[in-house]
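Numbering (numbering that gives the first Met the number 0), first residue to last: 0 to 445. Quick reminder that beta carbons are idealized off the backbone N, C-alpha and C, glycines included. The structure displayed is predicted, hence computed values, not measured ones. Okay, structure first, notes after.
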Amino acid sequence: MTVAPSTTTLEAPSSPPQSAELPTSHGQHKLFQRVRGQMNRAADAIGLAPQVRTILDSPGCEVSVTFPVNMDDGSVEKFTGYRVQHNNVLGPFKGGIRYHHDVSIDEVRALAAWMTIKCALVDIPFGGAKGGVQVDPARLSRREIERMTRRFVYALGANIGPGYDVPAPDVNTDARTMAWIVDTFAATMPPQERYRAPAVVTGKPLSAGGIVGREKATGQGVADLIAMWAADEECPVDGLSFTVQGYGKVGSWAARILQGQGATLRAAQDVTGAIRAKDDAGLDAELLAEHVKQRGGVAGFPGSESFSLEEFFATPADVFIPAAMENQVTAETASLLKVRVVAEGANGPTTPEADEVLTERGIAVIPDVLCNAGGVIVSYFEWLQSRGGAPWSAASVDQQLNCILRVAYRRVREMAADKSLDWRTAAYAVALHRIEQVYNERGIFP
Ligand code: GLU
Numbered sequence: 000m001t002v003a004p005s006t007t008t009l010e011a012p013s014s015p016p017q018s019a020e021l022p023t024s025h026g027q028h029k030l031f032q033r034v035r036g037q038m039n040r041a042a043d044a045i046g047l048a049p050q051v052r053t054i055l056d057s058p059g060c061e062v063s064v065t066f067p068v069n070m071d072d073g074s075v076e077k078f079t080g081y082r083v084q085h086n087n088v089l090g091p092f093k094g095g096i097r098y099h100h101d102v103s104i105d106e107v108r109a110l111a112a113w114m115t116i117k118c119a120l121v122d123i124p125f126g127g128a129k130g131g132v133q134v135d136p137a138r139l140s141r142r143e144i145e146r147m148t149r150r151f152v153y154a155l156g157a158n159i160g161p162g163y164d165v166p167a168p169d170v171n172t173d174a175r176t177m178a179w180i181v182d183t184f185a186a187t188m189p190p191q192e193r194y195r196a197p198a199v200v201t202g203k204p205l206s207a208g209g210i211v212g213r214e215k216a217t218g219q220g221v222a223d224l225i226a227m228w229a230a231d232e233e234c235p236v237d238g239l240s241f242t243v244q245g246y247g248k249v250g251s252w253a254a255r256i257l258q259g260q261g262a263t264l265r266a267a268q269d270v271t272g273a274i275r276a277k278d279d280a281g282l283d284a285e286l287l288a289e290h291v292k293q294r295g296g297v298a299g300f301p302g303s304e305s306f307s308l309e310e311f312f313a314t315p316a317d318v319f320i321p322a323a324m325e326n327q328v329t330a331e332t333a334s335l336l337k338v339r340v341v342a343e344g345a346n347g348p349t350t351p352e353a354d355e356v357l358t359e360r361g362i363a364v365i366p367d368v369l370c371n372a373g374g375v376i377v378s379y380f381e382w383l384q385s386r387g388g389a390p391w392s393a394a395s396v397d398q399q400l401n402c403i404l405r406v407a408y409r410r411v412r413e414m415a416a417d418k419s420l421d422w423r424t425a426a427y428a429v430a431l432h433r434i435e436q437v438y439n440e441r442g443i444f445p
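As structure tokens, this is what we get:
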């Protein structure tokens with residue numbers, strides 16, 4: 000079951016691009032190849048030790064499982080899922096599990112490597128991993144998703160574990176999914192060991208060992224980093240305007256928190272369409288979150304008007320928050336943007352060509368590995384809590400989160416200034432430097 004297969008044997012068939020969902024042309028790059036390019040650029044900038052570059056150039060372990068699930072109509076369907084463990088020199092593997100029809104081994108590999116960089120950048124003792132099942136969850140009933148989750152966890156077996164590899168929510172998975180994972184994992188442990196089961200995942204429901212504030216943590220981090228950028232620019236958050244792509248856990252929480260601080264949501268877009276405010280008051284981020292919960296998307300939000308994807312990208316605002324999938328900011332859509340900063344709530348939303356366009360146009364980028372790190376930081380607090388730590392208060396979660404992000408933000412800003420780097424390369428450089436330190440101390444077995 001644990002294998003390090005070649006790309007050809009594992010590559011899942013790619014789904015056709017969905018024109019309603021994606022910009023007219025999106026990045027054709029193999030995602031993991033993109034991460035390699037990003038790591039190499041940063042490695043060159045800091046003269047990274049060649050052996051560290053070699054180690055990070057491919058994942059440590061890749062698990063691919065195909066498993067049957069009983070469907071509600073009595074039929075059986077087979078699903079394919081992956082867990083890629085990129086690197087664990089800093090601590091247990093860490094990273095979410097996503098359910099999406101576009102999941103492929105290449106995507107999961109890239110997402111796992113981004114977790115390695117993210118955890119090293121914010122200096123928490125975790126390595127990088129990611130999991131995914133290739134499925135359109137909208138096609139499945141709740142019971143089918145539960146059975147699929149449990150069977151996936153069973154198939155992963157000892158490849159995950161409280162001190163070894165700790166999954167969390169990601170696209171289309173949530174606290175309920177994590178509760179099923181804990182329950183299934185516990186069922187496979189000897190009874191005397193079961194007390195350890197809750198630490199096998201983070202992002203659990205509060206009542207099942209979760210931590211206060213985990214659901215909003217990624218969005219909170221996005222809002223915190225926008226506030227740090229705004230302070231550097233000497234423009235108060237109160238008065239900023241912003242647009243959001245994707246109104247799920249990350250986008251909706253970032254929007255609600257920013258609105259609470261006086262910023263204005265001008266437009267939002269997701270798979271159901273693009274909407275904008277009819278007047279300067281903007282869209283009500285709280286009511287929009289309620290609407291999305293009930294209607295499954297932003298389309299038809301009362302008081303808004305729908306407009307085209309092209310117009311959405313061209314909406315004038317201070318901040319654009321991509322909080323959906325990869326490859327949304329392309330050379331084409333980047334040239335439409337009329338914002339001052341792109342705050343990457345999603346993982347990998349910007350293609351390398353788009354990065355060049357943004358740099359040329361003087362649009363700042365708060366890169367994903369920094370901008371969306373709030374989720375895994377609060378996951379770390381939850382993991383400590385689940386391993387016997389005292390419960391955290393909401394205030395201490397927010398305060399410690401902000402503190403860790405502030406240090407990381409400052410390090411990236413300093414690295415960018417010292418080495419004249421763009422912020423993405425600077426963020427990678429800080430992370431790689433951290434990983435290099437550990438390899439220097441520990442050496443390489445034997
Ligand atoms: N899925 C989130 C991410 O991409 C959170 C990961 C975690 O908490 O382990 O950062």
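Check: Between the beta-carbon of V437 and the beta-carbon of V411, is there less than 9 angstroms?; Outcome: no
Check: To the nearest angstrom, how far is the alpha carbon of H25 from that of Y194?; Outcome: Caution is warranted here: a pLDDT of 42 is assigned to H25, below 50, making its placement in the model unreliable, and the coordinate value is therefore given only provisionally. One C-alpha to the other measures close to 46 angstroms.
Check: Where does N401 fall in DSSP's three states?; Outcome: helix
Check: In its own chain, which residues sit with a C-beta less than 7 angstroms from the C-beta of A111, not counting the 5 before and 5 after it?; Outcome: P58, V83, Q84, H85, G94, G127, A128 and K129
Check: Going residue by residue through the segment 272 to 359, where are the continuous alpha helix (DSSP H) segments of at least 4 residues, counting only ones entirely within it?; Outcome: 284 to 294, 308 to 312, 330 to 335 and 351 to 359
Check: Who are L264's beta bridge partners in DSSP?; Outcome: F241 and L282
Check: Let me check you understand the geometry: is the CB of M114 closer than 8 angstroms to at least one non-hydrogen atom of the ligand GLU?; Outcome: yes
Check: Is DSSP giving N371 helix, strand or coil here?; Outcome: coil
Check: Tell me the DSSP bridge mates of V68?; Outcome: E76
Check: Looking only at its own chain, which residues have a Cβ that is under 8 angstroms from the Cβ of T183, when we skip the five neighbours before and after it?; Outcome: T148, R149, V152 and Y153
Check: Kindly examine the ligand GLU and report whether one of its heavy atoms sits closer than 8 angstroms to the Cβ of V152.; Outcome: no
Check: With hydrogens ignored, establish whether the beta-carbon of A167 is closer than 8 angstroms to any heavy atom of the ligand GLU.; Outcome: yes
Check: Under 6 angstroms Cβ to Cβ from G131, same chain only, skipping five residues before and after it: list those, please.; Outcome: Y81, R97, V102 and V107
Check: Can you name, in chain order, every residue of its own chain whose Cβ lies under 7 angstroms from the Cβ of W382, other than the five neighbours on each side?; Outcome: V165, A198 and T201
Check: Counting Cβ pairs, one atom from each stretch, are 3 or more of them under 8 angstroms apart for the segment 264 to 272 and the segment 229 to 239?; Outcome: no
Check: Residues in the same chain with beta-carbon distance under 7 angstroms from N69, minus the five sequence neighbours each way, listed in chain order, please.; Outcome: V75 and R146
Check: By how many angstroms is the C-alpha of E343 removed from the C-alpha of V318?; Outcome: 10 angstroms
Check: Counting only the same chain and skipping the five closest in sequence on each side, list residues whose C-beta sits under 8 angstroms from that of K77.; Outcome: T65, F66, P67 and V68
Check: When burial is assigned at 16 or more other CB atoms within 10 Å of the CB, is V406 buried or exposed?; Outcome: exposed
Check: Three-state secondary structure (DSSP) at A363?; Outcome: strand
Check: Just reading off the alpha helix (DSSP H) that G250 is part of, what are its end residues?; Outcome: K248 to G259
Check: Can you name, in chain order, every residue of its own chain whose Cβ lies under 7 angstroms from the Cβ of T23, other than the five neighbours on each side?; Outcome: At T23, the pLDDT of 36 sits below 50, so the modelled position is not reliable; the number obtained from the coordinates is stated separately. Only E331 meet the Cβ criterion.
Check: Roughly how far, in whole angstroms, is the beta-carbon of V375 from the beta-carbon of F125, given that I think they are within contact range, below 8 angstroms?; Outcome: 7 angstroms
Check: Contact defined as beta carbons within less than 8 angstroms: I believe S446 pairs with V356. What is the distance between those atoms, to the nearest angstrom?; Outcome: Here the chain has residues from 0 to 445 only, and residue 446 is not among them.
Check: Quick one: what does DSSP say D164 is sitting in, helix, strand or coil?; Outcome: strand
Check: Is it the case that the Cβ atoms of A322 and Q260 are separated by a distance below 9 angstroms?; Outcome: no
Check: Using C-beta distances below 6 angstroms, list every residue in its chain close to L287, excluding the 5 sequence neighbours before and after it, in chain order.; Outcome: F300
Check: Of the choices L47, P168, L369 and N346, whose alpha-carbon is the least far from that of L431?; Outcome: L47
Check: Determine whether the beta carbon atoms of G296 and A276 lie at a separation below 9 angstroms.; Outcome: no
Check: Return the CA-CA distance between A389 and D279, expressed in angstroms with no decimal places.; Outcome: 46 angstroms
Check: On a Cα-Cα basis, can you pick out the residue from G218, L336 and P348 that is closest to I362?; Outcome: L336
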